[in-house]
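Taking it in order: structure first as structure tokens, then the write-up.
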Amino acid sequence: MSQKTVRLTMAQAVARFLTRQMTIIDGKRVPIFGGVFAIFGHGNVAGVGEALYSIRETLPTYRAQNEQGMANAAIAFAKANFRRRFMACTTSIGPGALNMVTSAALAHVNRLPVLLLPGDVFANRRPDPVLQQVESFGDGTISANDCFRPVSRYFDRITRPEQIIPALHRAMQVLTDPADCGPVTLSLCQDVQAEAYDYPESFFDEKVWVPRRIEPDLDELATAIATLKAAKKPIIVAGGGVLYSEASAELANFAEKHGIPVVETQAGKSSLPHTHPLNMGSVGVTGTSASNALAEEADVVLAVGSRLQDFTTGSWALFKNDGLKIIGLNVQPFDAGKHNGLPLIADARAGLNRISSGLGGYKAVSAWTERAKAEKTAWLESADKATATTNATLPSDAQVIGAVQRARGGKKTTLVCAAGGLPGELHKLWQADAPGSYHMEYGFSTMGYEVAGGLGVKLAKPDSDVIVMVGDGSYMMLNSEIASSIMLGAKITIVLLDNAGYGCINRLQMATGGANFNNLLKDTHHVTLPGIDFAAHAGAMGAVTRKVASIPELEAALAETAQEPRTSVIVIDTDPLITTEAGGHWWDVAVPEVSERSQVTAAREDYEKALQSQRFG
Ligand SMILES: Cc1ncc(C[n+]2csc(CCOP(=O)(O)OP(=O)(O)O)c2C)c(N)n1
Ligand SMILES: [Mg+2]
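Numbering follows full-length UniProt numbering, with no gaps: position 182 of the sequence shown is 182.
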């Protein structure tokens with residue numbers, strides 16, 4: 001057999017292969033990789049760096065400031081694209097590589113695709129130990145990059161140039177598979193990056209990847225239909241899978257045709273517009289009173305594309321109906337069978353359509369549907385109160401959310417957030433319209449995702465206004481991709497809520513009987529309080545900045561900075577103690593069984609009572 005070959009280095013083969021992977025979006029063939037984020041060091045500059053240079057016109061390389069930041073931006077790009085397109089990230093060895101491990105875990109938890117290409121030690125071992133090489137005394141095969149193994153859906157170390165052929169095929173399968181989707185790490189030994197090989201030309205043939213829509217198994221489908229037909233009080237939990245399957249229209253039809261209320265998880269919020277009469281809003285620990293009242297009584301829960309994490313299930317104490325049945329409509333069996341669920345392994349869109357056909361004219365009893373609508377009206381009154389304007393010197397997060405909501409007007413916006421007190425408040429209160437307009441990383445809830453994530457979203461959706469809401473703590477942890485956003489002309493608007501510390505953890509500490517200790521800056525071991533000037537800090541990176549002293553000033557600053565072409569940062573001081581009281585649910589956070597503090601002992605008593613509502617098994 002005489003295969004035509006082309007002589008390339010391993011890194012050149014990777015680069016060329018990436019440019020040949022395509023997908024179809026809105027009927028058009030587009031590259032599936034949106035670009036490569038790169039921070040070079042000795043572990044990748046000569047090999048991967050040279051290769052990326054040669055393809056820079058086809059697949060752009062972006063210089064970031066921090067490896068975790070760039071990988072977070074790449075992951076946000078994939079999430080904003082509903083996993084249909086994604087990016088690659090390349091680093092040097094050692095610290096550069098390990099800075100990406102947190103991001104790998106973030107993508108792993110959230111089931112988001114990203115191709116991580118950390119450099120690795122010399123496969124030939126000749127210069128060992130190379131700068132930044134960790135040395136295991138008992139195992140010659142270990143390198144720092146082994147840390148990626150438990151947080152990658154697929155991991156391979158490339159120690160010979162031809163190994164990249166099956167590794168890249170496998171990588172593409174994982175990145176594009178709706179069930180297995182997650183981070184792929186190909187650890188590229190630095191000498192091998194530069195080694196040449198005669199690659200078959202066919203390896204670089206263009207390939208088009210379109211999402212696989214798995215149809216349900218007929219027996220599982222029959223069980224799901226029979227279960228729903230017998231339901232008196234059904235609800236639908238809309239998870240991230242609804243968005244990734246682009247099944248919003250099908251979900252709306254399903255809910256309307258069968259009169260079933262919909263509640264949304266953090267990843268699933270914006271599956272239906274907030275104005276949809278059957279959208280009850282957020283569910284669980286940060287749920288609306290409407291969603292949670294229905295969830296408590298529901299006899300059948302159709303969970304669509306949800307991991308059913310503890311915030312959704314109120315640590316499994318939310319659903320109180322004795323005869324509760326969960327139907328797990330999910331592409332991934334691991335999720336579909338959770339909590340003794342009746343699995344329905346299928347794509348969300350396909351599954352909803354098939355169940356709906358099978359249900360025929362079934363409708364939930366009208367009293368249930370009407371009750372849902374009344375609960376929603378009551379909730380909206382509470383929400384309006386929480387987000388109304390104020391002249392308070394230290395407004396609440398909810399009041400800031402109200403101002404941002406009013407200022408965005410009718411414009412196409414995407415809201416980005418990840419950690420702190422804001423995710424709970426936004427889950428309850430943010431009025432999401434189009435699918436994907438609410439971008440919350442609450443699978444790993446990674447402080448520092450917000451700014452970098454905003455950059456990734458803007459690269460994915462250049463026509464959308466991107467608003468990042470971030471706490472002072474998260475901002476301090478990782479903010480340097482502000483500089484990247486300015487370099488790339490990718491404008492984001494950052495609203496920074498400064499409550500001088502870790503407000504949400506301070507509240508959690510108090511709720512579990514703890515002393516105010518080490519969360520708010522005033523409660524830390526310190527000689528001087530820093531009094532951080534966030535506007536000056538962001539301004540030094542080139543951002544347009546404003547420090548505002550009230551909600552009306554915030555609204556004015558949002559209107560002004562909307563006219564600016566550059567990334568803008570608006571800082572407002574907020575109250576660390578106020579949250580929206582309406583809605584919400586208990587969350588399982590273990591309180592110490594013995595303590596010198598009477599407050600802890602009292603909190604433990606409440607905790608033990610609350611545990612009695614928890615479903616087990
Ligand atoms: C990387 C990381 N470290 C620690 C945590 C735990 N944590 C969650 S929220 C939070 C405090 C966030 O502070 P800030 O951004 O100021 O928001 P606030 O709680 O004040 O609203 C901490 C420490 C986390 N989620 N991520
Ligand atoms: Mg804070």
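From the three backbone atoms N, C-alpha and C, an ideal C-beta is built for every residue, glycine too.
To the nearest angstrom, how far is it from the Cα of G361 to the Cα of L415?
38 angstroms
For G239 and S270, I'd like the C-alpha separation in whole angstroms.
10 angstroms
For L488 versus G501, is the C-beta distance shorter than 7 angstroms?
no
Closer than 5 angstroms from C-beta to any heavy atom of ligand 2: which residues, in chain order?
G471, D472, G473, N499, G503
Would you decide whether L577 is buried or exposed? Buried here means 16 or more other CB atoms lie within 10 Å of its CB.
With fewer than 16 Cβ atoms within 10 Å of its Cβ, L577 is classed as exposed.
Which runs of the alpha helix (DSSP H) fall wholly inside the segment 366 to 425 and span at least 4 residues, in chain order?
366 to 387, 397 to 407
Please look up how many angstroms separate the CB atoms of G454 and I494, rounded, as I've assumed it's under 8 angstroms.
About 7 angstroms separates the CB atoms of G454 and I494; that is less than 8 angstroms, so the two are in contact.
What I want to know is whether the C-beta of M87 ends up closer than 6 angstroms to one or more non-hydrogen atoms of ligand 1.
no
What number of angstroms, rounded off, separates the C-alpha of S366 from the C-alpha of N253?
17 angstroms
Determine, using beta carbons only, whether residue 623 and L422 come nearer to each other than 7 angstroms.
An answer regarding residue 623 cannot be provided, because it is not within the stretch 1 to 617 covered by the chain.
What does the alpha-carbon distance come out to for the pair H108 and N391?
43 angstroms
Look at the Cβ atom of D120, then the Cβ atom of I93, and state whether they are nearer than 7 angstroms.
yes
Have a look at the DSSP bridge pairing and note the partners of M440.
C417
Between S613 and V237, what straight-line distance do the alpha-carbon atoms span, to the nearest angstrom?
20 angstroms
What did DSSP end up calling A238 once you bin it into helix, strand or coil?
strand
Which stretch, first to last residue, makes up the alpha helix (DSSP H) that contains A562?
No alpha helix (DSSP H) contains A562, which DSSP labels as neither H nor E.
Identify every residue that forms a DSSP beta bridge with C189.
Beta-bridge pairing links C189 to D120.
Which value, in whole angstroms, describes the spacing of the CA atoms of N516 and A403?
Whole-angstrom Cα-Cα distance: 30 angstroms.
Please go through the same chain and pick out, in chain order, the residues whose beta-carbon is closer than 8 angstroms to the beta-carbon of E256, but skip the five residues on each side of it.
Taken in chain order, the residues that qualify are L278.
Looking only at DSSP bridge pairs, what is Q21 linked to?
K207
Of all the options A295, D433, V331, which has the alpha carbon lying nearest to the alpha carbon of E215?
V331
Taking 8 angstroms as the threshold, find out whether the segment 319 to 327 comes into contact with the segment 212 to 230 through three or more Cβ pairs.
yes
Counting C-beta neighbours from all protein chains within 10 Å, is the total for L131 16 or more, i.e. buried, or is it exposed?
exposed
Could you pull out every residue in the same chain whose Cβ sits closer than 6 angstroms to the Cβ of V151, ignoring the five residues on either side in sequence?
A104, A105, H108
With distances taken between CB atoms, is the gap from V101 to A74 smaller than 7 angstroms?
no
Just checking M440 against ligand 1 - is the residue's beta carbon closer than 6 angstroms to any of the ligand's heavy atoms?
no
Short check: CB of E201 to CB of K4, under 7 angstroms?
A contact, by the Cβ cut-off of 7 angstroms.
Run the proximity test for M447: is its beta-carbon closer than 6 angstroms to any non-hydrogen atom belonging to ligand 1?
yes
Could you name the residues of the same chain whose beta carbon sits closer than 7 angstroms to that of I401, not counting the 5 residues immediately before and after it, in chain order?
T387, E425, L426, L429, W430
Quick check: the segment 449 to 469 against the segment 292 to 304, are at least 3 beta-carbon pairs closer than 8 angstroms?
no
Beta-carbon within less than 7 angstroms of I235's beta-carbon, same chain only, minus the 5 sequence neighbours each way: which residues are those?
I260, P261, V263, L294, A295, A298, V301
Here's a check: name, in chain order, each residue in its chain whose Cβ is nearer than 6 angstroms to the Cβ of R7, leaving out the five neighbours to either side.
Answer for R7: A196, D198, listed in chain order.
What does the alpha-carbon distance come out to for the pair T580 and L117?
Straight across, the Cα-Cα distance linking T580 with L117 is about 43 angstroms.
Report the CB separation of V210 from A348 in whole angstroms; it is logged as a contact under 8 angstroms.
About 16 angstroms separates the two Cβ atoms, so there is no contact after all.
Suppose you measure from the CA of F137 to the CA of R212; what does that come to, to the nearest Å?
45 angstroms
Under DSSP, the alpha helix (DSSP H) around A46 begins and ends at which residues?
Segment: none, A46 is in no alpha helix (DSSP H) and carries neither H nor E.
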